[in-house]
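Participant: Would you mind keeping the following structure in view while I ask a few things?
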Amino acid sequence: MISVEGLKVEFNATPLFEDVSYVINKKDRIALVGKNGAGKSTMLKILAGLQQPTAGVVAVPRECTIGYLPQVMKLADSRTVMQEAEQAFEHIFEMQADIDRMNRELAERTDYESEEYQKLIDRFTHENERFLLMGGTNYRAELERTLQGLGFSRQDFDRPTSEFSGGWRMRIELAKLLLRRPDVLLLDEPTNHLDIESIQWLEQFLATRANAVVLVSHDRAFLNNVTTRTMEISCGRIYDYKVKYDEFVLLRKERREQQLRAYENQQKQIEDTEAFIERFRYKATKAVQVQSRIKQLEKIERIEVDEEDNSALRLKFTCSSRSGNYPVICEEVAKAYGEHVVFQHVNLTIRRGEKVAFVGKNGEGKSTLVKCIMQQITDYTGHLTLGHNVQIGYFVQNQAQLLDENLTVFDTIDRVAVGDIRLKIRDILGAFMFGGEASDKKVKVLSGGERTRLAMIKLLLEPVNFLILDEPTNHLDMRSKDVLKEAIRDFDGTVILVSHDRDFLDGLVTKVYEFGGGQVKEHLCGIYEFLQKKQIENLNELHLNTLSSSPVPEKKCTPSGESKEASAASAAKLSYEEMKERNRQQKKLERKVADCEAEIERTEATISQIEQRLATPEGASDVSLYEQHQKLKEELDRIMEAWEAASMELEEIKEQKGEN
50 MISVEGLKVE FNATPLFEDV SYVINKKDRI ALVGKNGAGK STMLKILAGL QQPTAGVVAV
110 PRECTIGYLP QVMKLADSRT VMQEAEQAFE HIFEMQADID RMNRELAERT DYESEEYQKL
170 IDRFTHENER FLLMGGTNYR AELERTLQGL GFSRQDFDRP TSEFSGGWRM RIELAKLLLR
230 RPDVLLLDEP TNHLDIESIQ WLEQFLATRA NAVVLVSHDR AFLNNVTTRT MEISCGRIYD
290 YKVKYDEFVL LRKERREQQL RAYENQQKQI EDTEAFIERF RYKATKAVQV QSRIKQLEKI
350 ERIEVDEEDN SALRLKFTCS SRSGNYPVIC EEVAKAYGEH VVFQHVNLTI RRGEKVAFVG
410 KNGEGKSTLV KCIMQQITDY TGHLTLGHNV QIGYFVQNQA QLLDENLTVF DTIDRVAVGD
470 IRLKIRDILG AFMFGGEASD KKVKVLSGGE RTRLAMIKLL LEPVNFLILD EPTNHLDMRS
530 KDVLKEAIRD FDGTVILVSH DRDFLDGLVT KVYEFGGGQV KEHLCGIYEF LQKKQIENLN
590 ELHLNTLSSS PVPEKKCTPS GESKEASAAS AAKLSYEEMK ERNRQQKKLE RKVADCEAEI
650 ERTEATISQI EQRLATPEGA SDVSLYEQHQ KLKEELDRIM EAWEAASMEL EEIKEQKGEN
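Under the numbering used here, think of the first position of the sequence shown as 50, with each following residue one higher.
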């Protein structure tokens, strides 16, 4: 679909990358990876046609459509959510207006026998069929489904976009992109403003319904669930792997080891050659050999080793004096804004040293409860008690705005660093992407993401015993996230993490508080156990009416040995009939998935044949072909939805069987 040949980009005569060539094929799911500053966002801008390369060609077919979501964009605030999302169907509205105009003209004119009147009828018929072919009559259902998938409720549809935060407005832009169904989707950090449920919906959409996708993301789990091809920008070149991210990491390690061995061998060869030249430079009898070696040295193409920081940088949050045993206790805490109840009957106890996650859809009260704990909100009801000697370090996105703009990056950190850590300031800044000259930048010239990272480093060095981090990973690359994760894991105090990054939370938290529907539920398990448990609960609800057996016993995911006993007890309770029913259900779903896949293949083949006929002059004038094509497209959508539903149910029932 898109062919890139000999691409080169320079900034201030310094190549960012050069001699880059690759092809984006139909249905490709590509992860574009590399260290910050390698040129990932630049590559997306070039593919989108927003930036011109220094040299090289990007060949895009004329009929190919491209959708691009940048990290930051200017958004209009003059419409409601629904009106803004409807801009995705602007071409349909224009077509409808044109059809209405022709319809009025046909009604007003009386020259029925004229050639112009007949041409107008033909054009009206052709445009009307095209309108139906493009789904002009059923776009609204797809629009509502997409907005709801990205976390909007029906009550939000008529609210002006100005009432929403920047993150929510970015979701509207993402919805518009997805609704346009471009041939190639270019997404730059699309998960930064999504909660876990919306990310899972987006994963499903991209995996099953999108065309080609090129994705830049620091969310490992998202990359693994969506992409099947990984392109790395490193040392100014592109390395193309036909595998998902986790497999790429292993292959990259092997490649780097090979490069390292070749580099070491070459360095040895260069040293030997230089030693020979130096030794015999002034001996007339060796002049010819010396000149030969000098030319040989000049011709050597130097091997570059991929950039990789192997320094064992370990940071640690400075834990101040010990807090009480229970830093936070909530008893029947509730908060409402007028008639809107954010949450109620919140009862939770966080013990000293625990690391817990607050998860749930945006707007369900996670940040509100954090503000209650911080005493920034005091008009809640119930009892919220902070333990003895609790010293809170609080990170929130807008905290970056409180930095002194006249200081440099280095000076900002130098003012809070104490003791031996002062000797490692440059290393710390490098770990968070402020290496080299970047540490001498003034805060006022930093981007929003850079300010966020700087605020995180500042918090890292402040002495506290209770950390509350609200979406701390949004602007961190994978290495920086690893550094931060290790620092939190080693922290001796208590931690609350409000995050949507499953990979970051994995292995870090032992308790999950789920916010939703005005309630806060406690789950004594890690993040992946929680997600798995939620899928099982949804499956139980889904099949409540279809399964004749009693409901599957809920798994208790407690961290103690009781979990195994509870799991064993649950398994023991499953009767032979229940297992038989579950196996029958699985076989039925497997047959349904296979039937749907075969039907999809047949329908797509038929649609392709009709489209070939429509491309001919005879076919373009055949109205019945358009009708047939429209019906087949609708049928394909129905089969795809049935296939998606059956596949998800099958996956869930397999996981459920694996747990019991």
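Even glycine gets a Cβ: it sits at the ideal position worked out from N, Cα and C.
#1: Since Leu93 contacts Val265 with CB under 8 Å, what's their CB separation in whole angstroms?
#2: Three or more beta-carbon pairs under 8 Å between the stretch 515-529 and the stretch 383-392, yes or no?
#3: Taking C-beta to C-beta, are Leu228 and Leu192 nearer than 8 Å?
#4: Smallest Cα separation from Gln75: which of Gln136, Ala536 and Ala259?
#5: When the Cα atoms are used, what is the spatial distance from Met718 to Ile170?
#6: Verify whether the separation of the beta carbon atoms of Asp428 and Phe459 is less than 8 Å.
#7: Output the distance between the C-alpha atoms of Asp207 and Gly412, rounded to the nearest integer angstrom.
#8: Excluding the five sequence neighbours on either side, which residues of its own chain have a C-beta within less than 7 Å of the C-beta of Ser599, listed in chain order?
#9: In the DSSP assignment, find the alpha helix (DSSP H) that holds Phe481 and state where it starts and stops.
#10: What do you get for Tyr675, buried or exposed, if any count of 16 or more other CB atoms within 10 angstroms of its CB means buried?
#11: With H, G and I counted as helix, E and B as strand and the rest as coil, what does DSSP make of Val439?
#12: What's the gap between the Cα of Phe540 and the Cα of Lys365?
#13: With distances taken Cα to Cα, identify the nearest neighbour of Asn549 among Glu571, Lys570 and Glu520.
#14: Compare the C-alpha of Asn177 against each of Ile141, Ala156 and Ala190 and name the closest.
#15: Measure from the alpha carbon of Leu503 to the alpha carbon of each residue in Ile474, Ile517 and Asp531, then state which is nearest.
#16: Are Ile545 and Ile517 close, meaning C-beta to C-beta below 8 Å?
#17: Count the CB pairs spanning the stretch 125-137 and the stretch 102-115 that are closer than 8 Å, and state whether there are at least three.
#18: For the beta strand (DSSP E) containing Glu403, name the first residue and the last one.
#19: Is the stretch 557-567 touching the stretch 400-412, taking contact as three or more C-beta pairs under 8 Å?
#20: Taking C-alpha atoms, which residue in Arg301, Gly285, Cys284 and Arg286 lies nearest to Val292?
#21: Can the beta-carbon of Glu790 be found less than 8 Å from the beta-carbon of Thr652?
#22: Determine whether the beta carbon atoms of Lys89 and Ile282 lie at a separation below 8 Å.
#23: Only counting the same chain, and skipping five residues up and downstream in sequence, which positions put a Cβ closer than 6 Å to that of Glu59?
#24: Alpha carbons only, please: which of Arg400, Ala406, Arg401 and Cys379 is nearest the one belonging to His394?
#25: Need the endpoints of the alpha helix (DSSP H) that Cys421 sits in, please.
#26: Let me make sure I understand the geometry here. Which of Val53, Glu143, Val72 and Ala137 has the alpha-carbon closest to that of Gln101?
#27: So Ala146 packs on Lys225, CB below 8 Å; how close in whole Å?
#28: Which one or two residues does DSSP pair with Asp237 in a beta bridge?
#29: Assess, as a yes-or-no matter, whether the stretch 310-323 is touched by the stretch 110-122 under the definition of 3 or more beta carbon pairs within less than 8 Å.
#30: If we ignore side chains and look at the alpha-carbon of each, how far apart do Asp25 and Met697 end up?
#31: Quick one: measure Cβ to Cβ for Gly436 and Val382, integer angstroms, because I've assumed they're closer than 8 Å.
#32: In terms of alpha-carbon separation, which member of Glu639, Val82 and Pro119 lies closest to Gln99?
#33: Taking buried to mean at least 16 other C-beta atoms within 10 Å of its own C-beta, is Asn455 buried or exposed?
#34: To the nearest angstrom, report how far apart Glu37 and Thr434 are at their CA atoms.
#35: Check each candidate in Glu157, His267 and Ala134 and name the one with the smallest Cα separation from Asp205.
#36: Excluding the 5 residues preceding and the 5 following Arg400 in the sequence, name in chain order all residues of the same chain whose CB lies nearer than 7 Å to its CB.
Facilitator: On the basis of the supplied data:
#1: Indeed they touch by this definition, with Cβ atoms about 6 Å apart.
#2: No: the two stretches stay apart, fewer than three of their Cβ pairs being nearer than 8 Å.
#3: Against a cut-off of 8 Å, the Cβ pair of Leu192 and Leu228 comes out as a contact.
#4: Per the sequence shown, the amino acid found at residue 75 is Lys instead of Gln. Nearest C-alpha to Lys75: Ala259.
#5: Shown here, the chain extends from 50 to 709; a query on residue 718 therefore has no answer.
#6: Cβ atoms of Asp428 and Phe459: not closer than 8 Å.
#7: Between the alpha carbons of Asp207 and Gly412 lies a distance of about 17 Å.
#8: Reliability fails at Ser599, whose pLDDT of 38 lies under 50, so the model's placement of it is uncertain and the value that follows must be treated cautiously. When the five nearest sequence neighbours on each side are left out, no beta carbon in the same chain lies closer than 7 Å to the beta carbon of Ser599.
#9: No residue range can be given for Phe481, since it is assigned to no alpha helix (DSSP H) and is classified by DSSP as neither H nor E.
#10: By the neighbour-count rule (16 or more Cβ atoms within 10 Å), Tyr675 is buried.
#11: Reduced to three states, the DSSP call for Val439 is coil.
#12: If you take the alpha carbons of Phe540 and Lys365, they lie about 6 Å apart.
#13: A quick correction: the sequence has His, not Asn, at residue 549. Relative to the Cα of His549, the nearest Cα in the group Glu571, Lys570 and Glu520 belongs to Glu520.
#14: The shortest C-alpha separation from Asn177 is found at Ile141.
#15: Closest in alpha carbon position to Leu503, among Ile474, Ile517 and Asp531, is Ile474.
#16: For Ile545 and Ile517, yes; Cβs fall inside 8 Å.
#17: Two segments are said to touch when three or more pairs of C-beta atoms, one from each, lie closer than 8 Å; by this definition the stretch 125-137 does not touch the stretch 102-115.
#18: Premise fails: Glu403 is in no beta strand (DSSP E) and is neither H nor E.
#19: Yes: at least three Cβ pairs fall under 8 Å.
#20: Ranking the options by Cα distance to Val292, first place goes to Arg301.
#21: A query on residue 790 cannot be resolved here, the shown segment of the chain reaching from 50 to 709 and no further.
#22: Going by C-beta atoms, Lys89 is nearer than 8 Å to Ile282.
#23: In chain order, Thr103 place their CB closer than 6 Å to the CB of Glu59, counting only its own chain and leaving out the 5 sequence neighbours on each side.
#24: Of Arg400, Ala406, Arg401 and Cys379, the residue nearest in Cα terms is Cys379.
#25: Lys415 to Ile422 is the span of the alpha helix (DSSP H), which, as asked, contains Cys421.
#26: Minimum Cα distance to Gln101 is reached at Val53.
#27: Between Lys225 and Ala146 the Cβ distance is about 20 Å, and since that is not below 8 Å, they are no contact.
#28: According to DSSP, which records beta bridges pairwise, Asp237 is partnered with Val265.
#29: No: fewer than three Cβ pairs fall under 8 Å.
#30: As shown, the chain starts at 50 and ends at 709. That puts residue 25 outside it, with no answer to give.
#31: The C-beta distance from Gly436 to Val382 rounds to 16 Å, too long to fall under 8 Å, and the pair is not in contact.
#32: This sequence places Leu at residue 99; Gln is not what is there. Ranking Glu639, Val82 and Pro119 by Cα distance to Leu99 puts Pro119 first.
#33: With fewer than 16 other Cβ atoms within 10 Å, it is exposed.
#34: In the structure displayed, the chain extends from 50 to 709; residue 37 sits before or after that span and is not available.
#35: With respect to the C-alpha of Asp205, the residue from Glu157, His267 and Ala134 having the closest C-alpha is Ala134.
#36: If we look at Arg400 and ignore the five residues flanking it on each side, its Cβ neighbours are Asn374 and Tyr375.
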